[in-house]
Every structure is written in structure tokens, then in C-alpha cells.
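Q: Can you read through this structure? Questions will come right after.
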DNA sequence: CTGAAAGCGCTTACAG
DNA sequence: CTGAAAGCGCTTACAG
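Okay, here's the thing in C-alpha cells:
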């Protein structure tokens, strides 16, 4: 039983080499699928490995090869939002799947405070543990991305940056277009006074806001600053936002995040305003079970899982060819209309 | 500028030692807060470190000290459920916070298939990378936990095991009690024909089911197998479950997971059965935004974040004292009644 | 309190 | 195709 062997003796490459009657180098070459090895020695080594259940010590391998096959997922957004917004679990799903596929170990870095995050990222950059980093970018005044830009650490941004545009690898969602199609959907249904609940410091929210303005202009509706409310992506703030708007009597509202849209829906229900009969709401994000269960909400869907997968693949590509020009991908969004609202 | 130095030369302990005019051993001791060092040398070393921005190579440290300060979070549940059930994000939140607090690096292991998971866990156990593992246990026929039990790898189970009880460290939620209070809540409100949507192979679901039976017995209501439906924790199955039950005309239903409860709610709405006026539903899990937004659902709340934190602390404790007797903690649950249902 | 040296378990030019 | 040996960057008895 290999289990017993594992318990009674520590296996290392030296022991395997002895058992197989070859050098450590040969064992290492077999393990690394090195091409020029005689079938005879390869067989011997593989046999011993199979019998003993030997598994390489990854740490020693990392030290010797200067490669860890570990990547970090850095989410500077406060933990509070990470776990209430369906975006992050979806993104993590895509990343995790791709990491499995490419045999990468994925470590998770979440922060309670921004200061905490800056220090941690500094460490990550210099401690030599990670081959590369995946980082989400959503705040306009992000302090963490610059650390990465000024370092040698390979990274891919999920989202985009306002200040830094050139020569950084990122996978973004076309939020501008998303804001447009959400707004156009409402316009096409005949609504004229279309309010918006957005967020002033979130890049995606700002992009969606700009798409909203563009759609209004394109359809000859003048933008009315009175119909704008600001939230912080929390459900509560979505509720507050729509409360503020109700006084201005919009006939439809585009809420730029699903979490805020849920808060808005709750407030509407408390006021007995039925949606979409009395007021149309369009939310924006992935579909959490909550929304799927609620046929009264139209949403814009973004390909978040895909975004995660592409980020991993881009990072891997960057590790292979360190000097290559930056790749920037912007993924389209899609309107999701429930059957019952058609 | 330390940044420039970092870019132009690789710093290592040898270089720091030279710069400070001491031995590598002394630098290492300063870095490790070793007690018996003269203030003079300590100052010198710290000065050089501050000036250069030197950061230890973690991999070399791991290899030499045989400790990585890395822990793995293993979630054998299929990725599909991980990201639709609010339980896992909540749990991850608690774990992540505690990992930060104790300076542990947290790696995430999710699997698409069970087979895939078994192989990965085998690797993790033998590759020497992780100090310990946190693993969720929910399936009755879990194949992965035995791998851990038969290994030297320290681990803490979040949930519990049916087959293995003795000498394993676990942090569970008192699902039996949760099932009881959910059912008693319905009984106290005067309902008699109380159905249940549960799951046959999930340990927590089975425990809740048993609590439900106990509550019925305690209140002189005989258990009726006709009022039981089975799902798989997906929203769809919750809907299917309640559809099957409706034919048996229950006057209330306890759905053992929130995700399934949401599916059930959706079906009820399609049939224009209002809750709780016409039928009371009690769900069980953490509160996702969805549920918070829905005042028509009573739920049982479990202290999931706390569960995550305790798991990390227990694992840490286990790393300090390898031989110590197993610690088993069972956390109580709590009924959450929305204002509007009172 | 401090340093020289061995060792952690691998990989990888180098020489053959 | 194969092996002896150096090296990755630390830690930690050991001796003083």
C-alpha cells in the first residue's frame, strides 16, 4: 500500500533515483517530460514512482526553477461588497475553472481596508511567490494598480483604468454599450423620463452612465441631471437612490448594478409600485438567483465567467512572452428580457 | 528610490548581509524576530532593509523552514452549486478575514467533477505546499474526506461527516436544531400539514429533515412521508419539489435551503399562491440579497462567517499542537422573521 | 550574542 | 541520452 509507505518514510528525488538505479537528474527529466530519455530508464523511473506514490515537493521545484505556477487573485473592493455582489463569485468561477485547466494554483486576496490592501500587494510583488496576478479594477482612484504598473510582476486587469491606458493588459466589459442598450430598451418601450441610479467613483458605473447619456442624445431626449441618483453598489443605496428619484416622477429607471436594483425593487414594493407596469427597471450585472426569480426585472448581462477565463489565459500568455505588446479585450453585453415582461 | 534598486538588482539575504556587514544568519535572525541579538547589529540590518526595500523570498523560506503559511480551501461541491448558493461566499468571507488576520495565504480549490477533485486533493496532500487544509463536507458519500483522514495533512472539516466521527476536527452548524426551530415556528402559527423540500444526500439537509421530524413528534403531529419532496439544492429542484407537494395540499412548507426556497417561491408566484398568507415557507441558509429583498420568506440563519473564522483558528491551533485531541464545535442557528410576516 | 556551514529538495547548464 | 555538481535563497543546529 502506497499509503503506508508515505507514512513511514519521506520520499524525495534522491530516494527515487536510488530505487530506480539512475541519477537524480534523470528522475527530474522524467518528471518534467524531457524528450531525450531512453525508454528503458524512463520505464524504470516511472515504475518506481508508481510503486511508491512519490510526488514532487513543489516548493523545492519552485525554488530551483524560479516558477511557482501560482497566481493571485487580488480584489481590492472591500470584502463587504465582494460577497454581496454576484459579479465576484461569477468572475471567480471563470478564473477557477481556467486555473484548474492550466494547472495553476489560485490564491485569493481580499482586503478589509484599502491601506491593508496596499501593504499586502507590496508584499506579493516582492516576495517571489506568485508568477502573476489577476486584479479587479473598479475604483476611479485605485491606488493599488500603480503599484503593479511600477513593478516587474506580470498582471492582468479585469476591468479598466481611467489613468492608465497604455501598455497594460486588461479584459473589460463594454459597459458603455451596456448602458446604451439598457437605456434604448426603455426608450423603445415608450418611456421618456428615464432616471438612473449610478455610482460616482466606480468606473463601470461611470461607463454605463455615459452610455445612458449617449442613448438619450441619440433619441433626441435631453439629459436631465435631476433624474440622476448616486449609490455605492450596496442594496441599501439602491433603495435610497430610487426613493430620491421617485419624487422627480420618472417613468422608468436604469439601475447600474443588480444589487442596487434589488434594493430599488424592494423600495418600490413597499410603496406598492408594481414593476414593470408602473415603472420599468433595468439592472446591470450577472444574474443572481434573486433576479432569475424575479420576472419583473430586465437586466443587462455581462459575460463575467468568460472575462475571468480570458484573464487567466492572457496572464499565461504574458508569462510565456514577457515582452509582448499589451492585449486589451472588451467584451460585449447583452440585454436579458424575461418572458413575462415581453 | 527603492523601486529603482528593485528593478536593477535582485536582492537576497547574502547581499543584505554584505551591505550591513554581518552574516546571513544574523540577517535571518533579525527578519525572524529572534530574541538574542545586540541592538547594534539589529539596527544596522534594519537600516539596510529599509533602504533597499528588501523582502524575503518566501519560497526559499518555505523550503528551509518546512512551513509555508499557506492553507488550502477545498470545496468538493461542484462549481455550479458553489456559485449559486450564498453559503459558500459567506464562508469564504469568514475564512478570508481570518487568513488575513493570521497572515496566511489562502488558496482556492474548486472542482468541476468529483474525480477531478480526488486527484487534486491527492496532489495537495503529497506536494508539500500547504500547511493545512480547510474542507467543506456536505455529501453523505464524500470520497475526499477519507483521503485526508488517511494522510498526515492537518485539516479542519466545515460541516460534519456521517462515516467519520472520532478524532476529526470539525466546525458544524446545528442543523438538527435549525430544522426543529423552523418547523416549530410553523407549528406555532397553527399550520398542521407541513411539507418539506429536502435533499437525500446532503448531510445538512438530512440533519434538518431529522429536526423537522423531531419537532412534529414533539407537538403530536404524525410524520407523513407524502409531504416530503427531494431536490438537489438547485433553484430548479426547489420549484419542482414544491410543485410535487402542492398536489398534496400542505398548508406550509419548510424548504431546507434558501436557493431551493427561492425556486419554490417562484413557482408559488406563477401559481398566484401568495406567501405567507396562503402558504408559509421557511428557508434555510444565509441571507442572500434576494431573500433580504423578499419579506415574504422566513428563514433560519446560520453563523457561516463565524464558522469560517473558527475553522481557520482551529486549523492554526492544530498546526501548533499536532497531537492534540480533536476539537468539535457545533454552532447554533437562529430564526429570522421579517417584520412584515409578524 | 554571532558566524560558518550544512541542509531543505529540486532543476539545469555543462561535459561527456 | 546520462550523470556529477552547482545553485536556487533561505533557516538552524552547532560551536564558540
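Protein chains in written order, with my numbering: chain A, 1 to 342; chain B, 1001 to 1342. Built from N, CA and C at the ideal position, the CB exists for glycine as well. Predicted, not measured: the structure shown is a model, and the values here were computed from it.
State buried or exposed for residue 1154 (chain B), treating a residue as buried only when at least 16 other CB atoms are found within 10 Å of its CB.
A: Residue environment analysis places residue 1154 (chain B) among the buried positions, since at least 16 neighbouring C-beta atoms fall within 10 angstroms of its C-beta.
Q: Between residue 112 (chain A) and chain B, is the shortest Cβ-Cβ distance under 8 Å, so that the two count as touching?
A: Yes, residue 112 (chain A) lies at the interface with chain B (some Cβ there is under 8 Å from its Cβ).
Q: Please determine, among B:1257, B:1222, B:1240, the residue with the shortest C-alpha to C-alpha distance to residue 1204 (chain B).
A: B:1257
Q: What residues match up with residue 1107 (chain B) in a beta bridge as DSSP calls it?
A: Paired residues: A:107, B:1072.
Q: Which one or two residues does DSSP pair with residue 301 (chain A) in a beta bridge?
A: A:334
Q: Rounding to the nearest angstrom, what Cα-Cα distance links residue 1147 (chain B) and residue 101 (chain A) in this structure?
A: 22 Å
Q: Taking residue 1200 (chain B) as the query, report the chain A residues whose CB atoms sit under 9 Å from its CB, ordered along the chain.
A: The premise fails here: residue 1200 (chain B) is roughly 22 Å from chain A at the closest Cβ pair, so nothing lies under 9 Å.
Q: Out of A:326, A:322, A:312, point me to the one whose CA is closest to residue 103 (chain A)'s CA.
A: For the options A:326, A:322, A:312, the alpha carbon positioned closest to that of residue 103 (chain A) is the one of A:312.
Q: Whose Cβ in chain A lies nearer than 7 Å to the Cβ of residue 1128 (chain B)?
A: 57, 58, 59
Q: By Cβ distance below 6 Å, which residues in the same chain neighbour residue 26 (chain A) in space, the five residues on each side in sequence not counted?
A: 41
Q: Which residue's Cα is closest to the Cα of residue 220 (chain A): A:309, A:171, A:190?
A: A:190
Q: Out of curiosity, what's the CA-to-CA distance linking residue 210 (chain A) and residue 230 (chain A)?
A: 14 Å
Q: So with CB distances below 7 Å, who are the chain A contacts of residue 1044 (chain B)?
A: Within chain A, no residue comes near residue 1044 (chain B); the closest Cβ sits about 21 Å away, beyond 7 Å.
Q: Tell me where the beta strand (DSSP E) around residue 1252 (chain B) begins and ends.
A: 1252-1255
Q: Closest by CA to residue 1249 (chain B), which one among B:1228, B:1049, B:1233?
A: B:1228
Q: Cβ closer than 7 Å: which chain A residues qualify as neighbours of residue 1062 (chain B)?
A: 59, listed in chain order.
Q: Please determine, among B:1206, B:1105, B:1307, B:1113, the residue with the shortest C-alpha to C-alpha distance to residue 1156 (chain B).
A: B:1307
Q: So, does the stretch 79-89 of chain A touch the stretch 32-51 of chain A, judging by three or more C-beta pairs under 8 Å?
A: The stretch 32-51 of chain A and the stretch 79-89 of chain A do not touch, with fewer than three beta-carbon pairs separated by less than 8 Å.
Q: Scan the stretch 1080-1099 of chain B for residues whose Cβ lies nearer than 7 Å to a Cβ of chain A and list them as they occur along the chain.
A: 1083, 1084, 1089, 1090, 1093, 1096, 1097
Q: Check whether the Cβ atoms of residue 160 (chain A) and residue 202 (chain A) sit closer than 8 Å, and answer yes or no.
A: no
Q: Could you round the C-beta distance between residue 1072 (chain B) and residue 1124 (chain B) to whole angstroms and report it? I think they count as a contact, below 8 Å.
A: 6 Å
Q: Let me see if you follow: with CB-CB separation under 8 Å, is residue 1148 (chain B) close to chain A or not?
A: no
Q: Can you list, in chain order, the residues of its chain with a C-beta nearer than 6 Å to that of residue 1374 (chain B)? Leave out the 5 residues immediately preceding and following it.
A: For residue 1374 (chain B) there is no data in the structure shown, the boundaries of chain B being 1001 and 1342.
Q: I think residue 1319 (chain B) touches residue 1169 (chain B), with their Cβ atoms under 8 Å apart; what is that distance to the nearest whole Å?
A: The pair is not a contact, with the Cβ atoms about 11 Å apart (cut-off 8 Å).
Q: Which bits of chain A does residue 1104 (chain B) rub up against, with CB to CB less than 9 Å?
A: Within chain A, no C-beta atom comes less than 9 Å from the C-beta of residue 1104 (chain B); the nearest is roughly 10 Å away.
Q: Quick check for students: name the residue ranges of the alpha helix (DSSP H) that lie wholly in the stretch 1131-1210 of chain B, counting only runs of 4 or more.
A: For the stretch 1131-1210 of chain B, the full-length alpha helix (DSSP H) segments reaching 4 residues or more read 1145-1149, 1175-1188 along the chain.
Q: Tell me the rounded alpha-carbon separation between residue 1134 (chain B) and residue 1127 (chain B).
A: 16 Å
Q: Expressed to the nearest angstrom, what Euclidean distance is found between the alpha-carbon atoms of residue 232 (chain A) and residue 12 (chain A)?
A: Cα atoms of residue 232 (chain A) and residue 12 (chain A): separation of roughly 53 Å, rounded to the nearest angstrom.
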